[in-house]
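One structure below.
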Amino acid sequence: MARLAAGVVLVTAHDPEEGAHGDDVGMTATAFMSVSLEPPLALISLRNDSRMDELLARQDQWAVSLLTDGQRQTAGRFAMKGRLSDRLLFQELPHSHGATTGAALVDGALAAVECRTEQRVTAGDHTLVIGRVLATHLTQGEGGPLLYYGGRYRSLG
1 MARLAAGVVL
11 VTAHDPEEGA
21 HGDDVGMTAT
31 AFMSVSLEPP
41 LALISLRNDS
51 RMDELLARQD
61 QWAVSLLTDG
71 QRQTAGRFAM
81 KGRLSDRLLF
91 QELPHSHGAT
101 TGAALVDGAL
111 AAVECRTEQR
121 VTAGDHTLVI
131 GRVLATHLTQ
141 GEGGPLLYYG
151 GRYRSLG
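Just so you know, full-length UniProt numbering puts 130 at position 130 of the sequence shown, and the rest follows in order with no gaps.
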């Protein structure tokens, strides 16, 4: 599968049970795709027992920001094992919160999609989360999409 180029996204959700006001949670993913136009559905694949999988089993609102090739550092930081806490990562990340889901949306991303989970399907060591698209945001992201190919982040150029 390392021979298949994939777009890189940041999946986010707000965990209302963390801390006094809740916490933003995020993870880098390459398994994101459009499923249906009518109704508008999108899919993300989450490793079973990951923090995001556990969170989206409890609450059904989430978002995806499509990262630009200039956002490699963001992708890398949210993908690292043993990384900083999500709270510290979000303190350093320019973002806003979606009006529909409350999930973090990355400033400068190519686009963002806010979703509500419609179905969860266990598939091996991952869970496929199919969400209804509730809102989309086109932003002023500069550059092309961030890609993952051959074990490295890449750009189209």
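Heads up, the beta-carbon is just placed ideally off N, CA and C, and yes, glycines get one too.
- Figure out for me which residue from T122, L134, I130 and S155 has the closest Cα to the Cα of N48. As a first step, residue 48 is located in the sequence shown; it is residue number 48 there, counting from the start. It is T122 whose Cα lies nearest to the Cα of N48.
- Do the CB positions of G131 and E118 come within less than 8 Å of each other? Position 131 of the sequence shown, counted from the start, is the residue given in the question as residue 131. Position 118 of the sequence shown, counted from the start, is the residue given in the question as residue 118. For G131 and E118, yes; Cβs fall inside 8 Å.
- Message: Would C115 pass as an interface residue toward chain D - the criterion being a Cβ-Cβ separation below 8 Å?
- Response: No chain D appears in the structure shown, which is made up of a single protein chain.
- Message: Which residue wins for smallest C-alpha separation from residue 158, given the options R51, G144, V113 and V25?
- Response: Nothing about residue 158 can be reported from this structure: the residues present for the chain run from 1 to 157 only.
- Message: Distance check for R152 and R3, CA to CA, integer angstroms please.
- Response: By one-based count along the sequence shown, residue 3 stands at place 3. By one-based count along the sequence shown, residue 152 stands at place 152. Cα-Cα distance, rounded: 11 Å.
- Which residues mark the beginning and the end of the alpha helix (DSSP H) in which V87 is found? As a first step, residue 87 must be located in the sequence shown, where it is residue number 87. The question names Val, but residue 87 is Arg in the sequence shown. Per DSSP, R87 belongs to the alpha helix (DSSP H) from D86 to Q91.
- Message: By the three-class DSSP mapping on this structure, what secondary structure does G157 have?
- Response: Position 157 of the sequence shown holds residue 157. Coil at G157, not helix or strand.
- Where DSSP assigns a beta bridge to Q119, which residues make up the other side? Along the sequence shown, one-based indexing puts residue 119 at 119. Bridge partners of Q119: I130.
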